[in-house]
């Protein structure tokens with residue numbers, strides 16, 4: 488697979504880039520976990536840990 492072509496192809500898809508601005512400390516993982524998971528696909532390092 489050509490990684491450059493794949494990134495260009497993926498960039499044409501609609502994407503939810505909303506990241507919560509704040510939350511209570513006890514809710515951090517529940518609030519920010521989904522945002523980290525959505526954005527992991529754009530990471531150069533493909534071994535992105537889950538929150």
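Residue numbers (this note's numbering): 488 to 538.
All C-beta atoms in this analysis are idealised placements derived from N, C-alpha and C, irrespective of residue type, glycine included.
Note that the structure is a prediction, hence the values are computed from the model and not measured.
Residues of the same chain with a CB within less than 8 Å of the CB of residue 522, apart from the 5 flanking positions on each side, are 505, 506, 507 in chain order. C-alpha of residue 496 to C-alpha of residue 510: approximately 33 Å in a straight line.
Rounded to the nearest whole angstrom, the CA to CA distance from residue 520 to residue 528 is 14 Å.
In this structure, the straight-line span from the alpha carbon of residue 489 to that of residue 518 is close to 34 Å. Between the alpha carbons of residue 524 and residue 537 lies a distance of about 7 Å.
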